[in-house]
Structures are given as C-alpha cells and as structure tokens.
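Going by the working numbering, the first residue of the sequence shown is number 265, and it counts up by one from there.
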Amino acid sequence: MKPIIGIAGNERTMTTGETFWLSYTSRNFVEGIQDAGGLPLVLPIGQPEDAKRYIQRIDKLLLGGGHDVNPKLYGQEPHPYLEEINEKRDAFELKLIDEAIKQGKPIFGICRGMQLINVAFGGSLHQDISLFGPTSIKHVQESEMTKQTHLVRIKANSRLATFLPEDYSVNSYHHQTIKNVAPNFTVIAQAPDGIIEGIEANNLPILAIQWHPELTRNASATEQQLFTYFVQEL
C-alpha cells in the first residue's frame, strides 16, 4: 500500500477579471512524491484544532517553502528586511508539526519548512542573510532554479550521507537562514560560508533541508532520491 504523504498547502490570489483565492501546492512536490511511490494529499491552510484529524489521515508530512516565518515566534521584533508573513499558515503548520510528533509521523521540511521546524523546536532565524554576515555565495540565485549553483558539505553518518556524496551541489533561493539550531537537532549540511543547509532531529524522524529538490529532481537523480528516502525510509 502506498504511504499517504500530506503536503502542507499554501494560498495565493489569482485575478481574471475577479480575484480568487487559491489553495495549492507545487506540482513538483506532487510528482516527486508520486515517483517515489507515495500518494500525495494536499492539506489546505486551516484551523489549528483540525490538525489532529489531518495528521491521523496521513503517514508522513511534507512542509514546503513560501512565506517568512513570523519572527515573534522566536522572540524577535520584525526587521526592515523581513518579507511577507502569514500568521494563519504559521499557526496551522506549527500544529501539524506538533500533531505529527504526537502521532509518530515523520516530517520532511524544505526551505521555509526547515526554518519553521527549527523554530518549532526552540531554534531561531536570521531574518535576512545579511544579518548572518558577509558571504560570497548567492543564496538567492539568479539562474534558473533547475540549476545547482553552490556546494554544501554533507555530514558523515547523517541521514543525507546514506545517499548523497560529502560534497554536493544544490540550488538556492532563500533570504532567511537558521541562526541558533534547535536543541536536540544536528546540522547535517552546510555551505562553505557557514550557512546551514540541512538539519535532522537526534531522536525523531525529522529531516529538513534548505534547498529545493522539487525543482531539480528531473535533472538530477540524487535530488529525486531525497523524495524516495522520505517516502520509503524516513
């Protein structure tokens, strides 16, 4: 039986004469999960009290990219470089994380998903990479997102190291980054400038990365392997 993978959805507007709200996820996530042998199920942003029932109906949870995480969740006031936040999305996804842990369901976070996981467990973020310090790496790449533009170093004996080489190229599209790593989490991937590119929980089935394998999976077998590992092994 195919494992059911819940994908936390996002919202946006579409204007065609009238303005409509859309609940959606990237087709790249859907196809990545399907090609890994999973059954994707999109979870629209909803009420936190409904998270328990959503998690009961899935086997694993995927948290994708999008809005900045509200800095008030990690004890900071908004910085001038903070971009759009969605408090309703934050609250719902935090409750999804909480329920997934209570019910023993694995979690895979991508980009914002990694940042939110870190905050959920007591870590913090830099609201903009400029607050991290100088770097020669362009973390918001200008080339196509299907291109892998900078290296990361994969930590030995980590979950990622079971199928990725020690030096690995990734794409990059993020202006925020982890500042303090959450307790009981380990950094498992890092860019040469020190930016954290992957974390995993020490005693829970949680894996999270900063880059976007859903956008490179058609060009790179190892990127699709991230989805296969999540669906079949995590």
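Glycine included, each C-beta is placed from N, C-alpha and C at the ideal position. Nothing here was measured: the structure is a model prediction, and the numbers come from that model.
Beta-carbon within less than 6 angstroms of Val383's beta-carbon, same chain only, minus the 5 sequence neighbours each way: which residues are those? Val333, Leu337 and Tyr338
Leaving out five residues on either side along the sequence, give the residues of the same chain with a beta carbon under 6 angstroms from the beta carbon of Asn448. Asn466
Return the CA-CA distance between Glu351 and Ile309, expressed in angstroms with no decimal places. 11 angstroms
Secondary structure of Met278, DSSP reduced to three states: strand
DSSP-derived helix/strand/coil call for Tyr437: strand
From the DSSP output, in three-state form, read off Glu408 for me. coil
Residue range of the alpha helix (DSSP H) that Ile381 falls in? Arg376 to Ala384
Is it a yes or a no for the stretch 476-495 touching the stretch 424-432, going by three-plus beta-carbon pairs under 8 angstroms? yes
Looking at Ile459: is its Cβ nearer than 8 angstroms to the Cβ of Thr399? yes
CB contact flag (Ser394, Leu415, <8 angstroms): no
Excluding the five sequence neighbours on either side, which residues of its own chain have a C-beta within less than 6 angstroms of the C-beta of Arg376, listed in chain order? Gly329 and Gly330
Cutoff 8 angstroms; reference Leu305; Cβ partners in own chain excluding five residues on either side: Ile268, Ile269, Gly270, Ile271, Arg321 and Ile322
Taking the alpha carbon of Ile470 as the point to measure from, which residue in Met409, Pro456 and Ile365 has its own alpha carbon closest? Ile365
What is the DSSP secondary structure of Phe396, counted as helix, strand or coil? coil
Going by C-alpha to C-alpha distance, which of Val451, Asp392, Asn421 and Phe372 sits closest to Leu498? Phe372
For a test of the three-state rule: what should DSSP assign to Leu325, helix, strand or coil? strand
Glu478 versus Val294: straight-line alpha-carbon distance, rounded: 9 angstroms
Please work out which residues of its chain come closer than 7 angstroms, Cβ to Cβ, to Gln379, disregarding the five sequence neighbours upstream and downstream, and give them in chain order. Val333, Leu389, Gln440 and Ile442
Let me know the secondary structure DSSP gives Thr450 once reduced to three states. strand
Where Pro342 and Pro335 are concerned, what is the direct C-alpha to C-alpha distance, given to the nearest angstrom? 6 angstroms
Please state whether the Cβ-Cβ distance between Glu363 and Lys402 is less than 8 angstroms. no
Cutting at 7 angstroms between CB atoms, please list the residues of its own chain near Gln298, excluding the five before and the five after it. Pro304
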